[in-house]
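Report on the following structure.
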Amino acid sequence: MLHLVGNARLRSIHDLLGPLIKGRRMLDIGTIGHEFEARQEIGTFYLSEFVGLAGYVKGIDILEEDVARARAAGFEVVVGDAESFVDTEPYDVVFAGELIEHLSNPGLFLRCSIRNLKKDGVLVITTPNAFSMSRLLKCIFGLTNEPPVNPEHTCYYTPQTLQQLSVREGFEIKQIYFSDYDYGTRGVTMKRAFMLRVNKMLCDLFPQLSQSFIAVLGRPSEARDGLSPSGA
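If you count the sequence shown from 1, position 161 lands on 622 in our numbering, and the numbers rise without skipping.
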């Protein structure tokens, strides 16, 4: 049964990842995300923070020029594809932040992830919430005739649809957390400021309406113990 953690929303992915990666081997898939130098400047190149926590951390990304810049800055980052990556030694934690919604074949990504994890390892995914309150409000207030779609996204997920995909590839979702972006109201129109306040109020009451969610995936317990699902 899918366990939704809804008592409180996580303020940051670091609240979850910190204890998971401390002293352990971590692989960060899609580590660049966008331009390396721009992410460093605004403080969203998370690999730099993971290095100080994990025992060993490596990043993978398809952006060759940005990977070269990250390597020149001293980070262990290699060119690789999220749907076909492979490493020589397994990891305790594979992290994919805001990545799966960009992929052409998310099933291949999950398959690669499970092959690169230790038996008791976990895959941590963050992704936009398909039914977030902010998307619903944009429709309700007539800002768009249909839910807004990022032109770089191939799919939006709910915890339930991600669970169904995960099971097909040998994973199960251990826990779900909900998270939101910290929207400010300074410099925005009164209408948008009102919408942001309504969004925050409703998401505090109903975390399942938050902007994004974080899924912790692992092998089913019987698979970790070397048993078939039937226990044979």
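Cβ atoms here follow ideal geometry from the backbone N, Cα and C, with glycine treated the same way.
The alpha-carbon of D476 is positioned some 31 Å away from that of E526. Burial check for L666: the Cβ neighbour count within 10 Å stays below 16, so the residue is exposed. Put simply, of G631, L678, I601 and R629 the residue whose alpha carbon is nearest the alpha carbon of M656 is I601.
The DSSP-derived three-state label of E510 is helix. Between the stretch 659-676 and the stretch 571-579 there are fewer than three C-beta pairs closer than 8 Å, too few to call the two in contact. Assignment of N611 by DSSP, reduced to helix, strand and coil, places it in the coil class. Setting aside the 5 residues that flank it on each side, I675 is surrounded in the same chain by L471, I474, L477, V585, I586, T587, I637, Y638, F639 and S640, each with a C-beta closer than 8 Å to its C-beta; the list follows chain order. Judged by their CB atoms, V538 and G520 are nearer to each other than the 7 Å cut-off. Put simply, of F511, R532 and V554 the residue whose alpha carbon is nearest the alpha carbon of R680 is V554.
Nearest C-alpha to V512 among I523, R486 and R530: R486. Between the alpha carbons of S595 and A654 lies a gap of roughly 12 Å.
In this structure, DSSP gives V547 a state outside helix and strand, which the three-state scheme calls coil. With contacts defined as CB atoms closer than 7 Å, F570 and L564 qualify as a contacting pair. With a beta-carbon spacing of about 7 Å, T615 and E562 fall inside the 8 Å limit used to define contacts. Take the alpha-carbon of L481 and the one of D489: they are about 13 Å apart.
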